[in-house]
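Counted the way my numbering counts, the sequence shown spans residues 76 to 516.
Don't be surprised by glycine CBs; every beta carbon is placed ideally from N, CA and C.
Note that the structure is a prediction, hence the values are computed from the model and not measured.
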Amino acid sequence: MHRLFAELEPSVTVTEQNLEDRVRYILRSNTFDVTELERLRREAVSSSDENATAEDAAPQLAEQPANVDAAVNTPVLVDSNDDGTVAQELELEQMRSTLDEAILETRSTPLENRPRLPRIALSKRNRAIVRALNSMLVTYLEASRDLCETNSILFGAALAVCRNIGAKLSTAERNTGQSSAIPAWRTRIEERIAKAMALIVKRCRYASGQAMARPRIVRTVRMEFAGTNVSLSQPDIMQKLTERIDDLKQRTAAWGKRIRRYTERSTRFNQNRLFQSDQKWLYKSLERPMVSGTGPVPNHANMVAFWRSLWSEPVNHNEGPWTEVVASQCAGITPMDPVIITPDDVAEAVRRAPNWKSPGLNGLHHYWLKVFMVCHAVLAQQFQEALNQKSLPSLFTTGITHLVPKDQGATDPSKYRPITCLPTKASPSTGTNLCLKSSLC
Numbered sequence: 076m077h078r079l080f081a082e083l084e085p086s087v088t089v090t091e092q093n094l095e096d097r098v099r100y101i102l103r104s105n106t107f108d109v110t111e112l113e114r115l116r117r118e119a120v121s122s123s124d125e126n127a128t129a130e131d132a133a134p135q136l137a138e139q140p141a142n143v144d145a146a147v148n149t150p151v152l153v154d155s156n157d158d159g160t161v162a163q164e165l166e167l168e169q170m171r172s173t174l175d176e177a178i179l180e181t182r183s184t185p186l187e188n189r190p191r192l193p194r195i196a197l198s199k200r201n202r203a204i205v206r207a208l209n210s211m212l213v214t215y216l217e218a219s220r221d222l223c224e225t226n227s228i229l230f231g232a233a234l235a236v237c238r239n240i241g242a243k244l245s246t247a248e249r250n251t252g253q254s255s256a257i258p259a260w261r262t263r264i265e266e267r268i269a270k271a272m273a274l275i276v277k278r279c280r281y282a283s284g285q286a287m288a289r290p291r292i293v294r295t296v297r298m299e300f301a302g303t304n305v306s307l308s309q310p311d312i313m314q315k316l317t318e319r320i321d322d323l324k325q326r327t328a329a330w331g332k333r334i335r336r337y338t339e340r341s342t343r344f345n346q347n348r349l350f351q352s353d354q355k356w357l358y359k360s361l362e363r364p365m366v367s368g369t370g371p372v373p374n375h376a377n378m379v380a381f382w383r384s385l386w387s388e389p390v391n392h393n394e395g396p397w398t399e400v401v402a403s404q405c406a407g408i409t410p411m412d413p414v415i416i417t418p419d420d421v422a423e424a425v426r427r428a429p430n431w432k433s434p435g436l437n438g439l440h441h442y443w444l445k446v447f448m449v450c451h452a453v454l455a456q457q458f459q460e461a462l463n464q465k466s467l468p469s470l471f472t473t474g475i476t477h478l479v480p481k482d483q484g485a486t487d488p489s490k491y492r493p494i495t496c497l498p499t500k501a502s503p504s505t506g507t508n509l510c511l512k513s514s515l516c
């Protein structure tokens with residue numbers, strides 16, 4: 076740092092310790108945020124290169140005011156042994172190295188083996204880290220050649236953000252199946268009921284005299300009364316044991332009523348929300364029972380063969396004479412002007428998308444396309460190239476298909492309804508077309 080400062084300001088004399096104390100004072104007082112420090116760093120590096128070139132061509136001396144030396148040499152009282160102060164320059168370098176490792180790792184990992192990105196909190200610290208990495212992405216995105224490489228860079232940047240903030244990442248392969256429909260609160264209450272029922276059984280066996288043949292039951296009851304000044308040799312031990320059994324039974328009954336009450340409330344809430352969004356689906360769900368996929372599943376080969384016969388086989392359509400009439404009538408129609416996709420169109424399409432919607436096979440949520448704003452210009456250019464070439468990479472056409480059964484225990488492939496989740500990178504492209512159509516209307 077002292078060498079770089081000497082190259083930038085050769086006429087200013089300052090010691091290494093004085094310069095280090097001043098830098099530490101600026102970082103400690105939070106005069107500049109992370110984004111501003113990153114911008115200053117880039118300007119300093121570029122200006123140092125320009126100064127080195129200028130000195131080789133024609134060395135010049137710049138005069139400085141007389142009070143500069145006095146101002147720079149003035150000591151600053153900063154505790155250099157303060158371990159609680161974290162140097163932001165070192166933090167930026169660590170973030171940059173984490174970004175390099177994440178992008179390199181993402182490029183060499185298939186889509187289906189990438190870790191699942193968690194939902195992060197929108198705190199000030201997390202936003203500052205996102206802004207810092209957003210400014211670092213410019214160099215990587217300028218070298219991007221296609222949409223697939225841009226997707227890898229953005230996923231690596233999102234992965235670097237999660238690692239810098241300490242978010243938990245799943246190292247195993249992403250599970251494409253649906254998660255359990257049982258809520259967490261119900262699971263916790265059912266675990267309490269199971270433990271209480273086990274204690275009730277052991278106490279009842281001890282009270283009935285079966286504990287003599289099972290020392291484990293005696294040990295369990297003795298551990299339960301430990302620290303309560305109650306001994307198993309007391310004459311009223313059976314009465315106290317009966318009271319505890321009744322207490323556990325009442326708690327179990329209360330927990331069961333709580334499950335029933337919470338379930339009714341959750342059902343009412345979901346029905347009211349569904350009534351506001353889709354009344355037709357609500358009435359259908361009330362008329363027929365819910366179908367679950369817990370029965371026997373159809374053969375995988377039969378399922379693939381059935382849907383491939385519908386989607387992949389070529390179809391010969393009936394080309395009647397009316398098609399020629401329509402073609403002749405449309406010959407005089409003025410063709411539409413070429414579509415130009417701008418970064419503002421991409422930003423508007425991404426802005427209206429939900430933040431944490433299911434990302435599809437690429438694993439990148441809409442939130443990352445919103446906060447990494449430097450990618451909008453690159454995406455607009457690459458979308459324009461794909462539109463002109465009339466071709467899209469397989470990343471946009473490959474999705475995760477969920478087969479929902481129409482009937483209970485159906486094994487026929489035709490009795491399943493396919494629901495495909497496309498990657499989130501397909502949403503900006505379709506959303507951009509919608510924005511362009513709305514602007515033309």
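Residue environment, residue i, which counts as buried when at least 16 other CB atoms sit within 10 Å
i: Asp32; result: Lying outside 76 to 516, the shown extent of the chain, residue 32 is not represented and no answer is given.
i: Trp443; result: buried
i: His441; result: buried
i: Gly331; result: exposed
i: Tyr358; result: exposed
i: Val401; result: exposed
i: Thr88; result: exposed
i: Pro134; result: Below a pLDDT of 50, predicted positions are generally treated as unreliable, and Pro134, at 40, falls in that range; the measurement from the model is reported next regardless. Classification for Pro134: exposed.
i: Ile408; result: exposed
i: Ala141; result: Only weak support exists for where Ala141 lies, its pLDDT of 37 falling under 50; the value from the coordinates is given anyway. Exposed, because fewer than 16 other Cβ atoms sit within 10 Å of the Cβ of Ala141.
i: Gln70; result: Any answer about residue 70 is impossible in this case: the structure gives the chain only from 76 up to 516.
i: His77; result: exposed
i: Ala406; result: exposed
i: Leu115; result: exposed
i: Arg189; result: buried
i: Ala422; result: buried
Alpha-carbon spacing of residue i relative to residue j, whole angstroms
i: Arg97; j: Leu112; result: 15 Å
i: Asp221; j: Arg267; result: 54 Å
i: Thr225; j: Leu454; result: 8 Å
i: Pro418; j: Ser210; result: 17 Å
i: Tyr522; j: Leu323; result: Nothing can be reported for residue 522: it is not among the residues displayed for the chain, which extend from 76 to 516.
i: Leu79; j: Arg206; result: 26 Å
i: Arg427; j: Ser219; result: 26 Å
i: Ala177; j: Lys199; result: 23 Å
i: Ser86; j: Asn93; result: 16 Å
i: Trp260; j: Gln351; result: 26 Å
i: Ile494; j: Phe381; result: 15 Å
i: Glu84; j: Thr90; result: 13 Å
i: Ala519; j: Ala273; result: Past the edges of the chain, shown from 76 to 516, lies residue 519, and the structure says nothing about it.
i: Asp353; j: Glu362; result: 15 Å
i: Trp431; j: Arg171; result: 26 Å
i: Arg103; j: Glu82; result: 25 Å
i: Thr184; j: Gln456; result: 25 Å
i: Ser155; j: Tyr100; result: Summary for Ser155: the model assigns pLDDT 42, below 50, so the residue's position carries little reliability; its value from the coordinates is reported in the next sentence. Their backbone Cα atoms lie some 10 Å apart in a straight line.
i: Ser360; j: Thr342; result: 12 Å
i: Glu95; j: Phe344; result: 60 Å
i: Ile475; j: Glu187; result: 10 Å
i: Leu208; j: Arg117; result: 14 Å
i: Thr398; j: Pro410; result: 19 Å
Proximity test, Cβ basis, 9 Å: residue i and chain C
i: Ile312; result: Absence of chain C from the displayed structure is noted, only one protein chain being present.
Residue j beta carbon less than 9 Å from that of residue i
i: His451; j: Val425; result: yes
i: Ile334; j: Glu265; result: yes
i: Leu216; j: Leu174; result: no
i: Glu299; j: Arg280; result: no
i: Phe471; j: Leu497; result: yes
i: Ala282; j: Leu316; result: yes
i: Arg202; j: Val446; result: yes
i: Lys277; j: Ile292; result: yes
i: Tyr491; j: Pro373; result: yes
i: Thr295; j: Ile228; result: no
i: Gly231; j: Leu179; result: yes
i: Leu167; j: Val109; result: yes
i: Ile416; j: Leu349; result: no
i: Asn377; j: Pro468; result: no
Residues that DSSP places opposite residue i in a beta bridge
i: Cys496; result: Ile475
i: Tyr517; result: With the chain covering 76 to 516 only, the question about residue 517 has no answer from this structure.
i: Arg191; result: Ser245
i: Pro310; result: Beta-bridge pairing links Pro310 to no other residue.
i: Tyr491; result: Pro480
Under 8 Å, with one C-beta from each stretch per pair, do the region 386-394 and the region 436-444 reach the 3-pair mark? The way I'd put it, the region 386-394 doesn't touch the region 436-444; fewer than three beta-carbon pairs between them come closer than 8 Å.
With three or more beta-carbon pairs closer than 8 Å as the criterion, would you say the region 228-238 touches the region 193-205? The region 228-238 is in contact with the region 193-205.
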